[in-house]
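A short write-up of the structure that comes next.
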Ligand code: NAD
């Protein structure tokens, strides 16, 4: 019998009373690894009540102690790095190298959270008026929640709860129902690091569970990462219930290839950025925009992509793994066949890919299209598979117009040897994260993660200082002290922003 995925509620790992269970499968074999429950209403209420109670004492814990918890957690995560990567690789299908990267990028955020005292420093000005000083304090909000996608089950939960908790909040994590085993292990290690009861809770489920969190009066802030339609739903519902919401959504990232770029660099980077992790990255390059004569490189790109072979997570020769589910694979297959029907030229078709020894895996081979127009589904929809679409334009200006007309704005890159072209692109492009001769420009945690347009809804981007600011409130205290005042005098005013 498959094991039931436990939930962390009020400091204890508990089996859900829910009868509704979701299969967690190995996407390379369809073997059922576990069954994830859909948390019951009572379980969600219990978790929120516990988090609310824990907040009262957790917010009073000195900031250096909260930082030390993060140091211990960082140490444990490093110690269990490969074990976590193995759990992650099994339930997502990612190659082991890729899975290790997923865990590592999360550890970097925990390191940032260990720096919480500096991130929470306020500001002061003496003598704003004669004898009156003003100071601003950064204070935690209360119970925060995080709803995370399947594609980075270590990194993305770790974007959220360590920063929120280090800042003095308590947190309810609702990870993706497709790969809940990695987040559960992350939470186990957090408890082992010494997190007090109630500070972190983990609930499982899907839409109904999320909706209860979005509308609950005791939840103050919601972090979400996932697809565009769900991101819009989260943003609309959360803000309609007057909560602070930060929703990171889908993407369609363009790489602009100038004819003066280094061809070898372009091709090898483009192959990895488009098909790495089977294209299931919000920062994957899914559109290659060839400017002028660089389009002559498309046949070589095709040849290099054709070499890629997906495989099982522990196969060191596998370029990438399977798609997360049969449903995801069928969706990409549909988009590929619709693209052909719409008149796009398919140079490589990975729809019917097989991997010896794994007949039931959700495999897709590398797929390449050219002669694609902006009206086609291949261009408009986020495919989230190993599919690269080539567009051809005559000038950098035309490339910029194309990218800026896209409703998404998560990431983009330009490959060129011209400083002027790079500077112009960086300045003009309406995208949050720009790489210059770097294919996937994901910033390290001390910078914000800054999707634009339809790739981000809300305010205050995640990570680093901005991430902490999302989970905190600023309180400005203006005070006048009299010579004989032992305590705050009657002229002290407090403005809550
Ligand atoms: P998803 O939107 O299907 O699910 C994300 C989370 O929302 C899951 O926890 C899921 O249980 C929950 N959910 C699903 N449907 C819901 C609904 N109707 N109401 C409320 N909650 C619901 O996303 P996914 O398929 O797990 O992840 C892939 C998507 O995430 C891609 O679109 C990708 O671009 C995006 N993503 C974005 C970023 C970013 O930083 N912008 C990073 C990683 C992934």
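Numbering (the numbering used here), first residue to last: 713 to 1209. A virtual CB, placed ideally from N, CA and C, is assigned to each residue, including glycine.
Cross-strand partners of residue i (DSSP beta bridge)
i: residue 1027; result: Per DSSP, none; premise fails for residue 1027.
i: residue 1170; result: 958
i: residue 1164; result: 1121
i: residue 1020; result: DSSP, once it has assigned bridges, lists no residue as partnering residue 1020.
i: residue 967; result: 1000 and 1125
i: residue 935; result: 858 and 958
i: residue 1037; result: Paired residue(s): none; residue 1037 is not in a bridge.
Separation of residue j from residue i, as counted between CA atoms
i: residue 855; j: residue 1118; result: 36 Å
i: residue 953; j: residue 909; result: 28 Å
i: residue 1141; j: residue 1115; result: 7 Å
i: residue 919; j: residue 886; result: 10 Å
i: residue 1192; j: residue 843; result: 6 Å
i: residue 1076; j: residue 991; result: 10 Å
i: residue 935; j: residue 858; result: 5 Å
i: residue 1010; j: residue 1145; result: 25 Å
i: residue 781; j: residue 791; result: 15 Å
i: residue 809; j: residue 840; result: 55 Å
i: residue 740; j: residue 1018; result: 21 Å
i: residue 998; j: residue 801; result: 23 Å
i: residue 950; j: residue 1166; result: 17 Å
i: residue 904; j: residue 1008; result: 56 Å
i: residue 811; j: residue 1124; result: 23 Å
i: residue 944; j: residue 890; result: 21 Å
i: residue 994; j: residue 838; result: 46 Å
i: residue 1171; j: residue 1186; result: 15 Å
i: residue 793; j: residue 1182; result: 28 Å
i: residue 900; j: residue 817; result: 19 Å
i: residue 820; j: residue 1131; result: 31 Å
i: residue 785; j: residue 866; result: 14 Å
i: residue 915; j: residue 731; result: 15 Å
i: residue 1189; j: residue 771; result: 19 Å
i: residue 825; j: residue 863; result: 22 Å
i: residue 1210; j: residue 1169; result: Nothing about residue 1210 can be read from this structure; the chain reaches only from 713 to 1209.
i: residue 1001; j: residue 981; result: 14 Å
i: residue 1126; j: residue 1054; result: 28 Å
Three-state secondary structure assigned by DSSP to residue i
i: residue 1113; result: helix
i: residue 1007; result: helix
i: residue 981; result: helix
i: residue 728; result: coil
i: residue 989; result: helix
i: residue 903; result: helix
i: residue 752; result: coil
i: residue 744; result: strand
i: residue 1207; result: Any answer about residue 1207 is weak, because its pLDDT of 49 lies below 50 and its placement is not dependable; what the coordinates show is given next. DSSP places residue 1207 in strand when its eight states are reduced to three.
i: residue 1185; result: strand
i: residue 737; result: strand
i: residue 718; result: coil
i: residue 1013; result: helix
i: residue 946; result: helix
i: residue 1147; result: strand
i: residue 1156; result: coil
i: residue 912; result: strand
i: residue 923; result: helix
i: residue 917; result: coil
i: residue 1140; result: helix
i: residue 826; result: coil
i: residue 973; result: coil
i: residue 1131; result: helix
i: residue 818; result: helix
i: residue 941; result: helix
i: residue 1179; result: helix
Checklist entry - Which parts of the region 830-900 are runs of the beta strand (DSSP E), unbroken and 3 residues or longer, counting only runs that do not cross its ends? => result As far as the region 830-900 is concerned, its whole beta strand (DSSP E) runs of at least 3 residues are 835-841, 844-852, 855-859 and 882-886.
Checklist entry - Would you call the region 1028-1043 and the region 1089-1098 touching, i.e. three or more CB-CB distances under 8 Å? => result The region 1028-1043 is in contact with the region 1089-1098.
Item to check | Contained beta strand (DSSP E) runs [length at least 3] in the region 1048-1129, N- to C-terminal order | outcome: For the region 1048-1129, whole beta strand (DSSP E) runs of length 3 or above, ordered along the chain, are 1057-1060, 1079-1082, 1099-1105 and 1123-1127.
Next on the checklist: Is it the case that the region 1154-1173 contacts the region 1007-1014, given that we only count it when at least three CB pairs across the two stretches are under 8 Å?
Outcome noted: As far as the Cβ criterion goes, the region 1007-1014 does not touch the region 1154-1173, which means the pair count is below three.
Next on the checklist: For the region 728-743 against the region 861-878, do three or more pairs of beta-carbon atoms, one drawn from each stretch, fall closer than 8 Å, so that the two count as touching?
Outcome noted: A contact between stretches requires three or more CB pairs, one per stretch, nearer than 8 Å, and the region 728-743 fails this requirement with the region 861-878.
Checklist entry - With contact counted as at least three CB pairs below 8 Å, one residue from each stretch, are the region 889-906 and the region 715-729 in contact? => result Yes, since at least three Cβ pairs between the region 889-906 and the region 715-729 fall closer than 8 Å, the two stretches touch.
Checklist entry - Would you say the region 957-972 touches the region 1101-1114, given that touching needs at least three Cβ pairs under 8 Å? => result Output reads yes: the region 1101-1114 touches the region 957-972.
Item to check | Entirely enclosed alpha helix (DSSP H) segments - the region 755-814, minimum 4 residues | outcome: The region 755-814 contains these whole alpha helix (DSSP H) runs: 775-791 and 793-804.
Item to check | Inter-stretch contact at 8 Å, needing at least 3 Cβ pairs: the region 860-873 / the region 761-769 | outcome: Remark: fewer than three beta-carbon pairs, one from each stretch, lie closer than 8 Å, so the region 860-873 and the region 761-769 are not flagged as touching.
Checklist entry - Per the contact definition of three or more C-beta pairs closer than 8 Å, is the region 945-963 in contact with the region 975-988? => result Too few Cβ pairs lie closer than 8 Å, so no.
Checklist entry - Is there contact here, the region 914-932 with the region 746-758, by at least three beta-carbon pairs under 8 Å? => result In short, these stretches touch, since the Cβ pair count reaches three.
Item to check | Sufficient close CB pairs (3 or more, under 8 Å) joining the region 1082-1091 to the region 936-953 | outcome: By the Cβ test, the region 1082-1091 is not in contact with the region 936-953, since fewer than three Cβ pairs between them sit closer than 8 Å.
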